[in-house]
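Going by this note's numbering, the sequence shown opens with residue 3, and the numbers climb by one from there. Report on the following structure.
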Amino acid sequence: MRNYWLLPLLIGSCLPTMLNAQAMPWTGHWVNVDASDFPFFAVAFTSDGHVHRLMPAPQFQATYRLDGENLVMRAGDGSVDTSMVARGDTIVARRGPFVRVPGTSSGPYFRGTWVPVTPGPMETFMTLRSDSQVVLEVGFPVEASVHADTLRLTSSRLPAASFTVRQSGDTLYTKDSAGKERRFVRRPWGCLGIATFDAPAKECH
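What follows is the structure in structure tokens.
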């Protein structure tokens with residue numbers, strides 16, 4: 003898959019849409035152990051009651067370095083973006099600021115996971131890893147409701163889906179209405195469970 007189409011998502015996407023802000027019992031970032039099950043690759047339950055159904059973009063292959071307060075991003079196609087400035091829990095960019103996802107700080111202040119404030123058709127999570135890799139996880143906004151162990155996700159862009167969910171430690175087991183079972187493992191943001199991709203980042207171990 004080409005990576006050039008993902009570049010605009012890095013510099014101008016959306017703040018996650020407000021969902022049903024009820025408390026979710028499975029807070030965390032969970033990655034499907036079956037990497038070929040791409041439409042259901044990752045799901046995140048944030049502490050503010052939001053749910054995100056995400057697809058990673060490891061093929062984006064962007065890296066970053068810090069030059070003073072400036073974050074210099076180099077995309078896989080060789081293009082360079084020098085417009086980003088890290089200031090506390092905000093990254094100021096040409097097309098609008100990014101804010102840090104609560105609880106995702108990793109080491110120095112600029113590491114962690116960020117979302118753009120400017121609304122857009124997709125939501126994007128940008129993780130700055132310790133190995134200088136920029137990791138994108140993208141998806142269409144979903145609305146979520148939970149009744150006992152049943153999670154229902156609806157979206158204007160995706161078919162509605164219902165799952166029964168069971169958590170055992172850092173493993174999440176789901177079964178959809180068609181009987182398809184999936185197993186998700188809790189991983190830090192930006193860690194995709196792909197050995198060669200995750201190996202250089204200490205937070206993925």
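We put the CB at the ideal spot given by N, CA and C, even for glycine.
Discussion item. Beta-carbon within less than 8 Å of residue 144's beta-carbon, same chain only, minus the 5 sequence neighbours each way: which residues are those?
Written reply: 21, 53, 54, 55, 155, 156, 157, 160
Worksheet item: Tell me, which residues are paired with residue 47 by DSSP?
Response: 30, 53
Worksheet item: Going along the chain, which residues of its own chain have a beta-carbon closer than 7 Å to the beta-carbon of residue 130, five neighbours each way excluded?
Response: 66, 112, 113, 114, 136
Discussion item. Using the Cβ count rule (16 or more neighbours within 10 Å means buried), how would you classify residue 202?
Written reply: exposed
Worksheet entry | 6 Å CB neighbourhood of residue 193 in its chain, flanking five on each side removed | 200, 206
Practice prompt. Provide the residue span of the beta strand (DSSP E) that contains residue 88, from first to last.
Written response: 82-89
Discussion item. Buried or exposed for residue 105, going by 16 or more other Cβ atoms inside 10 Å?
Written reply: exposed
Item to complete: For residue 40, count neighbouring C-beta atoms within 10 Å of its own C-beta (all shown protein chains included) and say buried if the count is 16 or more, exposed if not.
Response: exposed
Practice prompt. Buried or exposed for residue 90, please, with buried defined as at least 16 other CB atoms from any protein chain shown within 10 angstroms of its CB.
Written response: exposed
Worksheet item: Near residue 177, which residues of its chain fall below 6 Å by C-beta distance, leaving aside the five closest residues on each side in sequence?
Response: 166, 183
Discussion item. For residue 127 and residue 103, which I take to be in contact (beta-carbon distance under 8 Å), what is that distance rounded to the nearest angstrom?
Written reply: 7 Å
Worksheet entry | Burial state of residue 212 (16 or more Cβ within 10 Å) | This structure cannot settle anything about residue 212, because the visible part of the chain is limited to 3 through 207.
Fill in: Residue of 58, 96, 57, 123 minimising C-alpha distance to residue 74
96
Worksheet entry | Inter-residue Cα distance where the pair is residue 118 and residue 34 | 25 Å
Discussion item. If I measure Cβ to Cβ from residue 188 and keep anything under 6 Å in the same chain, skipping five residues before and after, which residues do I get?
Written reply: 30, 32, 172
Worksheet item: How would you write the range of the beta strand (DSSP E) that residue 36 sits in, first residue to last?
Response: It is not in any beta strand (DSSP E) - residue 36 carries neither H nor E in the DSSP assignment.
Practice prompt. Have a look at residue 195 and residue 37 and give me their C-alpha separation to the nearest angstrom.
Written response: 8 Å
Discussion item. Between the alpha carbons of residue 99 and residue 71, how many angstroms are there, rounded?
Written reply: 14 Å
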